[in-house]
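Peer 1:
In this note's numbering, the protein residues as written are 5 to 188.
Right, dumping it as structure tokens:
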């Protein structure tokens, strides 16, 4: 089958904070919800997620269903404007597959059998100037497949795409949950 490039919307994530002198000798940090929001907001718009602070100080986030349903069509319109009329046919195919008879289904964060195509992305790792590393694991809803690629993993591209969408002046809340990945 091969590997393919894709763009998606994060539907759930988990994040962990660590600090230490080396990559392998780090201790877990228990952050408060306010500290998590500050740490994550450069990458993920936490206001569009239901957040659950865990006992161990990690955090989980689940995309609010109404945010997805109310904004996905507008987000596809924005992407269509960027890509123009000569875009990959998979784009329109996936957009049409998002709904049945024009109706979007609810996102089911407990069970992925809701009609959307879900994938897990490679971790996003952010190291701040104080030596605190934030590791974000996320599952996303695929928006389209872009053709075969000759690599199996990307590390830089997902972080760049995520940051650019999150920090651009795009008038759609889903821009705060964009990720790119290689799947297959």
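Every residue gets a Cβ at the ideal spot worked out from N, C-alpha and C, and that includes glycine.
What you are looking at is a predicted structure, and each value in this text was computed from that prediction instead of being measured.
Sorted by chain position, which residues of the same chain lie with C-beta nearer than 6 Å to residue 37's C-beta, five sequence neighbours on each side aside?
Peer 2: Counting only Cβ-Cβ distances below 6 Å, and skipping sequence neighbours, we find 57.
Peer 1: Excluding the 5 residues preceding and the 5 following residue 23 in the sequence, name in chain order all residues of the same chain whose CB lies nearer than 8 Å to its CB.
Peer 2: Correct list, in chain order: 30, 31, 33, 134, 135, 136 and 137.
Peer 1: Helix, strand or coil for residue 124? Go by DSSP, reduced to three states.
Peer 2: Residue 124 falls in the strand class under three-state DSSP.
Peer 1: Going by C-alpha to C-alpha distance, which of 14, 10 and 8 sits closest to residue 141?
Peer 2: Of the candidates 14, 10 and 8, the one whose C-alpha sits nearest the C-alpha of residue 141 is 14.
Peer 1: To the nearest angstrom, how far is the alpha carbon of residue 25 from that of residue 77?
Peer 2: In a straight line, the C-alpha of residue 25 is about 45 Å away from that of residue 77.
Peer 1: Return the residue from the list 178, 9 and 44 that minimises the CA-CA distance to residue 128.
Peer 2: The option with the nearest alpha carbon to residue 128 is 44.
Peer 1: What is the DSSP secondary structure of residue 143, counted as helix, strand or coil?
Peer 2: Strand, per DSSP.
Peer 1: DSSP three-state call for residue 174: helix, strand or coil?
Peer 2: Residue 174: coil per DSSP, three-state reduction.
Peer 1: Going by C-alpha to C-alpha distance, which of 183, 179 and 166 sits closest to residue 143?
Peer 2: Measuring from the Cα of residue 143, the nearest candidate turns out to be 183.
Peer 1: Looking at the secondary structure, which residues open and close the beta strand (DSSP E) in which residue 15 lies?
Peer 2: Its beta strand (DSSP E) spans residues 7-23.
Peer 1: So, for residue 131: in the same chain, excluding its five sequence neighbours on each side, which residues have a beta-carbon less than 6 Å away from its beta-carbon?
Peer 2: Counting only Cβ-Cβ distances below 6 Å, and skipping sequence neighbours, we find 137.
Peer 1: Looking at the strands, I want to know which residues DSSP matches up with residue 54.
Peer 2: Partner(s): 66.
Peer 1: Just to confirm, are residue 152 and residue 7 a CB contact at a threshold of 8 Å?
Peer 2: Yes, the Cβ-Cβ distance between residue 152 and residue 7 is below 8 Å.
Peer 1: Spatial neighbours of residue 178 within its chain, please: CB distance less than 6 Å, with the 5 preceding and 5 following residues excluded, ordered by chain position.
Peer 2: Closer than 6 Å at Cβ, skipping near neighbours: 13, 75 and 79.
Peer 1: Cutting at 6 Å between CB atoms, please list the residues of its own chain near residue 11, excluding the five before and the five after it.
Peer 2: Answer for residue 11: 147 and 184, listed in chain order.
Peer 1: From 59, 172, 52 and 35, pick the residue whose C-alpha is nearest to that of residue 82; which is it?
Peer 2: Selected option, being the one with the closest Cα: 172.
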